[in-house]
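Read through the structure below, which is laid out as structure tokens, and then see the notes.
There are 2 protein chains.
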Amino acid sequence: MANETPLTKEAILDAAEQVLRRYGPDKTSVTDIAKFLQVSHGTLYRHFASKAALRETVTERWLDKCVSEPLEGIAAATDGSAAVQLRSWLEALIQKKRLYALEDAEMFAMYSAVTLEAVDLIAAHIDHLVKQIAVIVERGMHSGEFKPGEADAMARAIFLATTKFHHPAFVREWSSKDIDQDFDAVWSLLLAGLQ
Amino acid sequence: MANETPLTKEAILDAAEQVLRRYGPDKTSVTDIAKFLQVSHGTLYRHFASKAALRETVTERWLDKCVSEPLEGIAAATDGSAAVQLRSWLEALIQKKRLYALEDAEMFAMYSAVTLEAVDLIAAHIDHLVKQIAVIVERGMHSGEFKPGEADAMARAIFLATTKFHHPAFVREWSSKDIDQDFDAVWSLLLAGLQ
Numbered sequence: 000m001a002n003e004t005p006l007t008k009e010a011i012l013d014a015a016e017q018v019l020r021r022y023g024p025d026k027t028s029v030t031d032i033a034k035f036l037q038v039s040h041g042t043l044y045r046h047f048a049s050k051a052a053l054r055e056t057v058t059e060r061w062l063d064k065c066v067s068e069p070l071e072g073i074a075a076a077t078d079g080s081a082a083v084q085l086r087s088w089l090e091a092l093i094q095k096k097r098l099y100a101l102e103d104a105e106m107f108a109m110y111s112a113v114t115l116e117a118v119d120l121i122a123a124h125i126d127h128l129v130k131q132i133a134v135i136v137e138r139g140m141h142s143g144e145f146k147p148g149e150a151d152a153m154a155r156a157i158f159l160a161t162t163k164f165h166h167p168a169f170v171r172e173w174s175s176k177d178i179d180q181d182f183d184a185v186w187s188l189l190l191a192g193l194q
Numbered sequence: 000m001a002n003e004t005p006l007t008k009e010a011i012l013d014a015a016e017q018v019l020r021r022y023g024p025d026k027t028s029v030t031d032i033a034k035f036l037q038v039s040h041g042t043l044y045r046h047f048a049s050k051a052a053l054r055e056t057v058t059e060r061w062l063d064k065c066v067s068e069p070l071e072g073i074a075a076a077t078d079g080s081a082a083v084q085l086r087s088w089l090e091a092l093i094q095k096k097r098l099y100a101l102e103d104a105e106m107f108a109m110y111s112a113v114t115l116e117a118v119d120l121i122a123a124h125i126d127h128l129v130k131q132i133a134v135i136v137e138r139g140m141h142s143g144e145f146k147p148g149e150a151d152a153m154a155r156a157i158f159l160a161t162t163k164f165h166h167p168a169f170v171r172e173w174s175s176k177d178i179d180q181d182f183d184a185v186w187s188l189l190l191a192g193l194q
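Chains as they are written, first to last, in numbering that gives the first Met the number 0: chain Z, 0 to 194; chain C, 0 to 194.
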């Protein structure tokens with residue numbers, strides 16, 4: 000083998016991400032990734048049981064790095080209006096999704112496919128995001144800006160009620176001329192429910 | 000031609016619906032529908048410019064008959080609580096979608112496909128439903144049960160915020176054990192926003 004650095008899981012995922020971006024999720028095989036790493040097929044299968052497992056792990060890491068972690072910064076702020084913070088958090092989520100759909104189209108396409116295939120992985124990602132919303136809602140309840148209530152249930156409701164604006168099934172509607180006005184209408188009603 | 004009754008648009012749509020239910024939307028051709036009606040291919044094309052146009056008109060009629068019209072009855076009621084009426088309306092919409100997904104699977108599959116293809120048709124169907132919600136919201140505002148506000152924008156927000164529970168992209172999630180609890184969470188937040 001030409002490649003003498005030890006083959007870590009991270010190195011495989013880095014390679015897989017590069018190859019997936021180059022060929023697209025449908026056309027990339029485990030063999031393509033093995034070739035890129037200059038290792039055998041079997042070596043890769045020692046780390047990932049199947050192509051599906053590899054795709055899912057790449058998607059999971061991409062969602063953490065490109066969605067959950069940047070949003071964490073917004074959710075962690077502890078000053079200013081919770082309503083403004085919540086709207087910023089939702090807009091950041093929505094903008095990220097729209098941006099990746101255009102500018103990281105291959106990874107976005109894989110994420111769309113994995114959303115249908117890997118229910119548990121996506122449920123865990125959503126739980127992570129809902130916890131961030133709950134932190135903001137709790138802060139708003141604590142300061143008296145929001146009515147008291149069950150922050151976790153409200154956070155989940157906020158995520159679900161904005162599905163149309165961040166779920167990849169609606170990617171084609173995100174370029175509609177009405178989409179921002181529609182988000183405003185939903186946001187106003189949700190905010191009225193919180194205050 | 001064996002069939003001597005005049006070929007009305009309704010008769011073609013009735014036949015198309017039967018044939019589509021039998022073979023499924025992907026496997027049904029215009030020829031299958033022509034054969035069923037014992038007319039030529041060309042006769043059908045005089046009424047519908049393309050297979051897509053025929054599928055869309057069948058779907059439009061199915062949505063009117065099976066979704067919009069039955070819900071109209073709920074929206075038209077003028078007594079009792081508007082909140083109870085609104086929840087009944089939403090639950091009826093959700094139950095209808097779940098029922099058709101299971102018991103009228105071929106028509107539901109066609110509707111799912113048409114949702115992606117025929118943006119204007121679906122937008123008109125949604126406008127129709129949003130108008131029904133607006134009637135309920137206005138009644139609630141008028142009676143003082145709901146806060147004053149823009150009933151049309153609120154109605155659209157309510158429809159959009161419940162997307163996950165009635166849009167065909169989520170059909171596989173409707174059998175999840177959490178789906179009713181999720182609807183309750185969204186409903187509570189929306190109702191708090193209205194009251």
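C-beta atoms are modelled at their ideal positions from N, C-alpha and C, and glycine is treated no differently.
Proximity below 8 angstroms, CB of residue i to CB of residue j
| i | j | result |
| --- | --- | --- |
| V66(C) | A156(Z) | no |
| I125(C) | F158(C) | yes |
| P24(C) | A112(C) | yes |
| M109(C) | L188(Z) | no |
| V57(Z) | L101(Z) | no |
| I93(Z) | F35(Z) | no |
| L70(C) | L128(C) | yes |
| V29(Z) | L53(Z) | yes |
| D31(Z) | Y44(Z) | no |
| A48(Z) | E116(Z) | no |
| A160(Z) | A160(C) | yes |
| P147(Z) | T114(Z) | no |
Burial state of residue i (16 or more Cβ within 10 Å)
| i | result |
| --- | --- |
| G79(Z) | exposed |
| T162(Z) | buried |
| T27(Z) | buried |
| K96(Z) | buried |
| A33(Z) | buried |
| M0(Z) | Because M0(Z) sits at a pLDDT of 46, beneath the cut-off of 50, its placement in the model cannot be relied upon, and the point is left open. |
| L12(C) | buried |
| A14(C) | buried |
Cβ shell of residue i (< 6 angstroms), same chain only, five flanking positions each side left out
| i | result |
| --- | --- |
| L120(Z) | E55 and E59 |
| G139(Z) | A81 and F145 |
| F164(C) | I93 and F182 |
| V170(Z) | A100 |
| D63(C) | none |
| Q180(C) | none |
| F107(C) | Y99 and A100 |
| W61(C) | M106 |
Residues near residue i in its chain [Cβ-Cβ closer than 7 angstroms; skip 5 each side]
| i | result |
| --- | --- |
| I73(C) | Q84, S87, W88 and A91 |
| L247(C) | With chain C covering 0 to 194 only, the question about residue 247(C) has no answer from this structure. |
| A150(Z) | A133, V136, E137 and M140 |
| K8(Z) | H46 |
| H40(C) | V29, T30 and A33 |
| K176(C) | none |
Cutoff 8 angstroms; reference residue i; Cβ partners in own chain excluding five residues on either side
| i | result |
| --- | --- |
| A104(C) | none |
| T77(Z) | R138 |
| Q17(Z) | F35 |
| E172(C) | K163 and I178 |
| G143(C) | none |
Amino acids of chain A, ordered along the chain, whose beta-carbon sits closer than 9 angstroms to that of residue i
| i | result |
| --- | --- |
| A168(C) | Any reference to chain A falls outside this structure, whose protein chains are Z and C. |
Quiz item: Whole alpha helix (DSSP H) runs in the region 129 to 181 of chain Z with 4 or more residues, listed along the chain?
Solution: The qualifying runs are 150 to 160 and 162 to 165.
Exercise. Note down, in chain order, all residues in the region 170 to 193 of chain Z with a beta-carbon under 8 angstroms from any beta-carbon belonging to chain C.
Key: Listed in sequence order: R171, D181, A184, V185, S187, L188, L189, L190, A191, G192 and L193.
Quiz prompt | Residues within the region 122 to 138 of chain C neighbouring chain Z, beta-carbon criterion of under 8 angstroms | solution = Against chain Z - using a Cβ distance shorter than 8 angstroms - the region 122 to 138 of chain C contributes no residues.
Quiz prompt | In chain order, each alpha helix (DSSP H) run of at least 4 residues that lies wholly inside the region 27 to 93 of chain C | solution = List check, alpha helix (DSSP H) in window: 29 to 36, 40 to 46, 50 to 62 and 68 to 75.
Quiz item: What residues in the region 153 to 164 of chain C have a beta carbon less than 8 angstroms from any beta carbon of chain Z?
Solution: When CB distances to chain Z are screened at a threshold of 8 angstroms, the residues of the region 153 to 164 of chain C falling below it are M153, R155, A156, I157, L159, A160, T161, T162 and K163, in chain order.
Quiz item: When you check each C-beta in the region 80 to 91 of chain Z against every C-beta of chain C, which residues fall closer than 7 angstroms?
Solution: Correct list: empty, as no residue qualifies.
Quiz item: When Cβ atoms are compared, which residues of the region 96 to 124 of chain Z fall closer than 7 angstroms to chain C?
Solution: Taking 7 angstroms as the Cβ-Cβ cut-off against chain C, none of the residues of the region 96 to 124 of chain Z qualify.
Quiz item: If you measure beta-carbon to beta-carbon, which residues of the region 38 to 53 of chain C are closer than 9 angstroms to chain Z?
Solution: Within the region 38 to 53 of chain C, no residue has its Cβ closer than 9 angstroms to any Cβ of chain Z.
Self-check item: Selection of the region 5 to 36 of chain Z by Cβ proximity to chain C, strictly under 7 angstroms
Solution: Listed in sequence order: no entries.
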